[in-house]
Each structure stands twice: as C-alpha cells, then as structure tokens.
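Protein chains: 2
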Amino acid sequence: MIKRPAKGASGAGAHDERRIPNATVGRLVTYLRILDRVRQDGIERISSAELSERAAVSAFQVRKDLAYFGSFGTRGAGYAVASLSKELEGILGLSRSWNVAIVGVGRLGEALAHYPHLERYRFLLRALFDVDPEKVGRTISGAHVHPVDRLADVVRDLRIDIALLTVPADAAQPAADRAVAAGVTGILNFAPVVVTAPPHVHVEPVDFLAGLKRLSFHLHDADAPAVDVVPGDARAEPA
Amino acid sequence: MIKRPAKGASGAGAHDERRIPNATVGRLVTYLRILDRVRQDGIERISSAELSERAAVSAFQVRKDLAYFGSFGTRGAGYAVASLSKELEGILGLSRSWNVAIVGVGRLGEALAHYPHLERYRFLLRALFDVDPEKVGRTISGAHVHPVDRLADVVRDLRIDIALLTVPADAAQPAADRAVAAGVTGILNFAPVVVTAPPHVHVEPVDFLAGLKRLSFHLHDADAPAVDVVPGDARAEPA
DNA sequence: TATTGTGAACCGGTTCACAGCG
DNA sequence: CGCTGTGAACCGGTTCACAATA
Numbered sequence: 010m011i012k013r014p015a016k017g018a019s020g021a022g023a024h025d026e027r028r029i030p031n032a033t034v035g036r037l038v039t040y041l042r043i044l045d046r047v048r049q050d051g052i053e054r055i056s057s058a059e060l061s062e063r064a065a066v067s068a069f070q071v072r073k074d075l076a077y078f079g080s081f082g083t084r085g086a087g088y089a090v091a092s093l094s095k096e097l098e099g100i101l102g103l104s105r106s107w108n109v110a111i112v113g114v115g116r117l118g119e120a121l122a123h124y125p126h127l128e129r130y131r132f133l134l135r136a137l138f139d140v141d142p143e144k145v146g147r148t149i150s151g152a153h154v155h156p157v158d159r160l161a162d163v164v165r166d167l168r169i170d171i172a173l174l175t176v177p178a179d180a181a182q183p184a185a186d187r188a189v190a191a192g193v194t195g196i197l198n199f200a201p202v203v204v205t206a207p208p209h210v211h212v213e214p215v216d217f218l219a220g221l222k223r224l225s226f227h228l229h230d231a232d233a234p235a236v237d238v239v240p241g242d243a244r245a246e247p248a
Numbered sequence: 010m011i012k013r014p015a016k017g018a019s020g021a022g023a024h025d026e027r028r029i030p031n032a033t034v035g036r037l038v039t040y041l042r043i044l045d046r047v048r049q050d051g052i053e054r055i056s057s058a059e060l061s062e063r064a065a066v067s068a069f070q071v072r073k074d075l076a077y078f079g080s081f082g083t084r085g086a087g088y089a090v091a092s093l094s095k096e097l098e099g100i101l102g103l104s105r106s107w108n109v110a111i112v113g114v115g116r117l118g119e120a121l122a123h124y125p126h127l128e129r130y131r132f133l134l135r136a137l138f139d140v141d142p143e144k145v146g147r148t149i150s151g152a153h154v155h156p157v158d159r160l161a162d163v164v165r166d167l168r169i170d171i172a173l174l175t176v177p178a179d180a181a182q183p184a185a186d187r188a189v190a191a192g193v194t195g196i197l198n199f200a201p202v203v204v205t206a207p208p209h210v211h212v213e214p215v216d217f218l219a220g221l222k223r224l225s226f227h228l229h230d231a232d233a234p235a236v237d238v239v240p241g242d243a244r245a246e247p248a
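If you read the protein sequences in the order shown, they are chains A and B.
In the numbering used here, each residue carries its 1-based index in the first sequence increased by 9.
In the numbering used here, each residue carries its 1-based index in the second sequence increased by 9.
In structure tokens form, the structure reads like this:
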C-alpha cells in the first residue's frame with residue numbers, strides 16, 4: 010500500500026531513484042487541494058479525467074505525475090479520494106509538522122504571521138526576527154519577535170526547518186546566509202532578488218513583483234499566443 | 010527559420026510571432042533587476058558571464074534569452090548596462106504604466122497596497138474592492154475601496170489592466186470572472202486555487218502556500234532522519 | 001467496459017561549440 | 001584576442017497509444 014518515492018525497495022529512501030520534475034511537485038500540491046475540496050463535498054472516488062479538469066492539466070499528466078510514486082488507483086474505477094489524499098500528504102511531507110520562522114516583520118511578514126492556513130497545514134510559526142528594536146519583544150500569533158542578532162541561537166534552539174524571508178532586497182542574502190548557517194534547510198524567499206544557498210538547502214522564490222512584470226510582458230505582447238501557464242484549453246481525452 | 014526579432018528600440022508595436030519560453034521571461038526580469046543594481050554602482054558595461062553569475066544561470070542561457078529579441082551587446086566587450094536596461098524595460102512592457110486594482114482588502118491586500126515598489130515600476134494602484142462594508146469607503150495609498158458590486162463599473166471607468174486577487178480561495182474564481190468580464194486582461198492570483206480564464210487573459214499565480222508545500226516535499230525527500238540505522242551513502246546529491 | 005499505468009514518441013528548452021565581429 | 005550571437009545536439013518533461021486489469 011504505502012509506496013514511497015519511486016520504487017519502494019528495502020532500506021531507507023536515501024538517494025533519488027528518479028528525478029521528480031519540479032513542475033510535478035507543484036501539480037501534486039494542486040491535486041491534493043482539489044482532493045480536499047472534493048472530499049468536503051462527500052465525493053469518495055475521482056477519475057484522472059475529472060481531477061485533471063479541475064487542475065487545468067491533461068489527464069495523461071495526472072496519471073504520469075502519480076506514477077512517479079506508485080499506483081494509487083483502481084483500473085476501471087478511479088482513485089479513492091481519501092486514500093489518494095493520504096498518499097499525497099505523505100509524498101509531500103505534509104504528514105509531519107515543520108517549524109518555521111519569519112525573518113523580517115514588515116507588513117508582509119506580519120500578514121503571513123496571521124495567515125490561518127499556516128498552522129492548519131502544520132507549518133508551525135515558532136519565531137520572528139527583525140532589526141527594528143521597536144518590533145522586538147512583541148508576540149504575534151503566539152510567536153516571539155527576536156532581534157536578528159539572536160537568529161543563530163533561536164533557530165538552533167527551536168529547531169527551525171524553514172525560514173520565510175520577508176526582508177528588503179538588500180538584506181535577503183545576508184539573512185539567508187545566517188539562517189542556513191544556523192541549520193535551516195528550506196527558504197521561502199519573498200524578496201525580489203535571487204537568493205543562493207548551498208545544495209542541501211532548498212530555496213523557493215515567491216516573487217509577486219516578478220509575477221507582475223511577467224504579466225506586463227504578456228499584456229504588452231498583446232496578441233502573442235498564450236505562453237505556458239495559461240490553461241486556455243481544458244480538454245481531456247479526445248473522444 | 011525566419012526569426013523576426015522584436016528589435017528596433019523600445020517602440021510599441023513590437024509584437025513578435027516567436028514563442029518566448031515562460032522561463033525566459035522570468036529571467037529577463039532578473040537580468041533587469043541586476044542591471045539596475047549594477048548601474049547604481051556606477052558600472053557601465055557587463056559581460057554575459059558576469060550577468061549570468063549574479064542571476065545564477067549559465068552564460069549561454071543569458072545570451073540565448075537575449076537573442077530571442079535581438080542583439081544588444083558588443084562582441085569583444087560586453088553589454089552596455091544602461092542601454093540593455095532600456096531594452097529590457099521595453100521588452101517587458103515596463104516603459105509604460107499599468108492600471109492595477111486589488112480585489113480583497115485583507116491583510117495581504119493591504120500589505121500590497123502599501124508596497125512602495127508598485128508605483129516605482131509604474132504599476133499604478135487605482136482601486137481596491139472588498140465585500141466588507143466596514144472596509145468600503147476607506148482610502149489606501151491614494152486609492153479608494155469600492156464594494157465588489159461596483160467592480161464592473163469601476164474597472165471599466167478606470168481602465169484597469171491588471172487585477173491582484175487577494176480574496177479567499179472560494180471567492181477567487183468568481184472574482185476573476187467578474188474582473189475579466191469587465192475588461193481586465195491580466196490577473197495576479199494570490200489565492201491558493203487554480204484560477205482559469207479565457208485565452209486572451211493571462212493569469213500568473215503567486216502562491217506562497219504552494220511554495221511552502223514544495224519546500225516540504227524537498228526537505229522531506231532529502232531528510233533521511235531515521236534516528237539510527239541509516240545505511241551508508243549519507244551524502245547529499247549534487248546539482 | 002471503463003479507467004489506470006507505462007514504454008515510447010515527441011517537443012521545447014537548455015547546453016554546447018563555434019562562427020562572427022569588435 | 002575576447003566576447004557575443006546562433007545553429008545544432010542534447011535532454012528532460014509532456015503527450016500519446018495501448019497494454020493491463022478491476
């Protein structure tokens with residue numbers, strides 16, 4: 010039943026048996042969301058066609074994505090919503106909790122701290138950091154705001170896994186370096202700069218300004234046919 | 010074979026018929042940022058190698074990306090920072106201004122409204138919308154908060170180009186539909202759902218929750234925690 | 001029969017080697 | 001001689017056709 014990344018086999022997961030396309034990981038997140046939604050409607054089974062339509066991708070894509078990790082469906086019938094949901098949670102590492110810290114308590118940092126879905130998905134806000142003494146000492150969503158000088162200690166003590174970087178562009182790379190040195194292995198970078206880190210650390214950019222500028226390109230480009238991303242057609246299997 | 014580069018200064022009518030990879034567009038944004046930064050340091054010329062290093066990509070990639078649009082460099086020497094900057098701005102459609110509206114005045118919507126770089130890049134906040142009567146009537150960063158019922162009228166009157174969707178997941182698709190019907194052609198979707206739109210509308214997702222979950226996957230994957238009994242091969246994989 | 005699972009073809013983007021030019 | 005510009009090879013991800021099977 011429990012199929013782990015790629016072929017199960019014995020021994021610990023260790024190395025990557027198969028390289029998972031980054032795009033696939035992103036779609037798995039989408040599938041999981043859809044399954045959660047669908048489950049709330051009391052639906053217990055779903056086909057790859059139906060799932061694909063809601064995710065705005067092809068049914069082939071859905072099946073291929075899932076196939077990287079095992080066989081979760083039933084031929085003839087589709088997938089059991091509850092069990093596939095569980096599987097995806099396991100695959101995505103969402104069946105455990107993660108300790109997160111927010112570095113940079115500006116408007117965005119504060120907005121994130123208050124975001125209710127964080128805790129819901131077991132991303133536990135454990136600490137915040139800021140240079141401004143004015144902000145240090147406050148408690149937001151149950152977490153303390155520390156001075157950045159204390160970052161190393163606090164990150165180590167609280168075993169922070171992931172840092173949410175919401176500092177100004179200039180401060181992003183230094184902050185990332187410090188977080189990494191203190192043991193963080195995941196960085197969600199909201200700053201509008203490229204942040205680099207050693208290979209064992211994963212950096213995910215969340216760059217709305219860049220998104221805005223990509224939009225600008227496409228609108229400016231006027232009649233150019235849609236490039237990527239835009240669904241445009243949600244065709245399933247050709248009849 | 011025939012490649013009609015959209016060269017020719019930063020003229021407006023530069024809609025080329027070449028398919029630009031979405032990833033390329035994203036990198037152009039990065040290059041432009043780097044050039045702006047570099048220019049502030051008084052540097053006037055830069056090579057593809059140097060640019061590529063700061064953007065964390067290969068030099069081949071930089072040259073190929075630029076080649077989609079023309080030849081902006083000087084062989085032997087590199088690129089003139091100022092002029093390449095100008096070119097990229099033109100290509101990305103950043104030499105004109107765009108009218109934007111924020112739909113959903115929660116914490117995130119408000120944080121975005123106060124973001125100073127918006128105006129700096131000529132994304133002009135013209136209106137905000139919310140269902141909450143409590144919020145309607147306020148003025149944030151010089152823009153009025155309207156009831157969502159008025160969305161169609163206001164979007165049309167103010168010629169809004171881009172909608173920033175900062176509403177809850179359930180409200181995202183309906184809000185997008187209304188914005189599109191009123192003439193918006195670009196949507197920056199912050200809600201954690203797939204939003205679809207007709208082909209002439211471009212949707213860019215900015216999904217930090219998804220980013221967090223992708224991080225979770227990678228950390229989970231690399232993690233070989235198993236408090237003990239981890240068969241050899243403890244090395245992290247290279248790039 | 002309906003729908004999943006998958007090897008193989010296909011396509012697009014990245015990498016490369018080198019031609020072109022200052 | 002150095003660095004850009006680009007046709008071509010390469011590679012990874014998507015698409016597809018079909019075999020497997022409940």
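Cβ coordinates follow ideal geometry from the N, Cα and C atoms, glycine included.
In this text the structure is predicted, and so the values were computed from the model without any measurement.
Could you check whether the Cβ of residue i sits closer than 7 Å to any Cβ belonging to chain B?
| i | result |
| --- | --- |
| Thr33/A | no |
| Ala120/A | yes |
| Ala152/A | no |
| Leu117/A | yes |
| Glu213/A | yes |
| Gly195/A | yes |
| Gly102/A | yes |
What do you get for residue i, buried or exposed, if any count of 16 or more other CB atoms within 10 angstroms of its CB means buried?
| i | result |
| --- | --- |
| His24/A | Legend: pLDDT at His24/A = 37, less than 50; position of this residue unreliable, no value from coordinates given. |
| Ile52/A | exposed |
| His126/B | exposed |
| Arg13/B | Caution is warranted here: a pLDDT of 35 is assigned to Arg13/B, below 50, making its placement in the model unreliable, and no coordinate value can be reported. |
| Ala248/B | Caution is warranted here: a pLDDT of 28 is assigned to Ala248/B, below 50, making its placement in the model unreliable, and the coordinate value is therefore given only provisionally. It is exposed - the Cβ of Ala248/B has fewer than 16 other Cβ atoms within 10 Å. |
| Phe69/A | exposed |
| Gly85/A | exposed |
| Ala32/A | exposed |
| Asp216/B | buried |
| Ser80/B | exposed |
| Ala64/A | buried |
| Glu128/B | exposed |
| Asp179/A | exposed |
What I want to know is whether the C-beta of residue i ends up closer than 6 Å to one or more non-hydrogen atoms of the ligand PLP.
| i | result |
| --- | --- |
| Phe138/A | Here there are no bound small molecules, and the ligand PLP is not part of this structure. |
Residues of chain A with CB under 9 Å from residue i, in chain order?
| i | result |
| --- | --- |
| Lys144/B | Neighbours of Lys144/B on chain A: none; closest Cβ ~15 Å, over 9 Å. |
Between which two residues does the alpha helix (DSSP H) harbouring residue i extend?
| i | result |
| --- | --- |
| Ala91/A | 90-101 |
| Leu60/A | 57-64 |
| Leu160/A | 160-166 |
| Ala86/B | From DSSP, Ala86/B is part of no alpha helix (DSSP H); its letter is neither H nor E. |
Check whether the Cβ of residue i lies closer than 7 Å to any Cβ atom in chain A.
| i | result |
| --- | --- |
| Phe69/B | no |
| Lys222/B | yes |
| Ser225/B | yes |
| Ala219/B | yes |
| Gly192/B | no |
| Leu97/B | no |
| Gly82/B | no |
| Val114/B | no |
Where do the N-terminal and C-terminal ends of the beta strand (DSSP E) with residue i fall, by residue?
| i | result |
| --- | --- |
| Arg266/A | Chain A is shown only over 10 to 248; residue 266/A falls outside these bounds and no answer can be derived. |
| Val203/A | Neither: Val203/A is in no beta strand (DSSP E) and is coded neither H nor E. |
| Arg131/A | Segment: none, Arg131/A is in no beta strand (DSSP E) and carries neither H nor E. |
| Glu213/A | 211-214 |
| Ala190/B | That residue, Ala190/B, is in no beta strand (DSSP E); its alpha helix (DSSP H) goes 178-190. |
| Ala120/A | Unbroken run through Ala120/A is the alpha helix (DSSP H), 116-123; no beta strand (DSSP E). |
Quick one: which chain B residues come within Cβ less than 7 Å of residue i?
| i | result |
| --- | --- |
| Ala201/A | Checking the displayed sequence, the identity of residue 201/A turns out to be Pro instead of Ala. Those are Arg42, listed as they occur along chain B. |
| Leu174/A | Within 7 Å Cβ-Cβ: nothing; Leu174/A doesn't reach chain B, min ~11 Å. |
| Val38/A | Ala219, Lys222, Arg223 |
Going along chain A, which residues have a C-beta under 7 Å from residue i?
| i | result |
| --- | --- |
| Phe132/B | Leu221 |
| His123/B | Arg116 |
Given that residue i touches chain A, what residues does it touch there, using C-beta distances under 8 Å?
| i | result |
| --- | --- |
| Ile169/B | Residues of chain A passing the Cβ test: none, with the nearest at roughly 12 Å. |
Note down, in chain order, every chain B residue with its Cβ under 9 Å from the Cβ of residue i.
| i | result |
| --- | --- |
| Leu228/A | Gly102, Trp107, Asp170, Ile171, Thr194, Gly195, His211 |
Which bits of chain B does residue i rub up against, with CB to CB less than 8 Å?
| i | result |
| --- | --- |
| His126/A | Pro201, Leu218 |
**Asked** Just checking, does the region 197-207 of chain A make contact with the region 157-175 of chain A on the three C-beta pairs under 8 Å criterion?
**Response** yes
Please confirm if the region 186-193 of chain B is in contact with the region 144-155 of chain B, defined as three or more CB-CB distances below 8 Å between the two stretches. no
### Query
Counting Cβ pairs closer than 8 Å, one from the region 114-129 of chain B and one from the region 72-91 of chain B, do we hit at least three?
no
- Task: Please determine if the region 57-74 of chain A and the region 122-140 of chain A are in contact, where contact requires at least 3 C-beta pairs separated by less than 8 Å.
- Result: no
Would you say the region 28-47 of chain A touches the region 60-67 of chain A, given that touching needs at least three Cβ pairs under 8 Å?
yes
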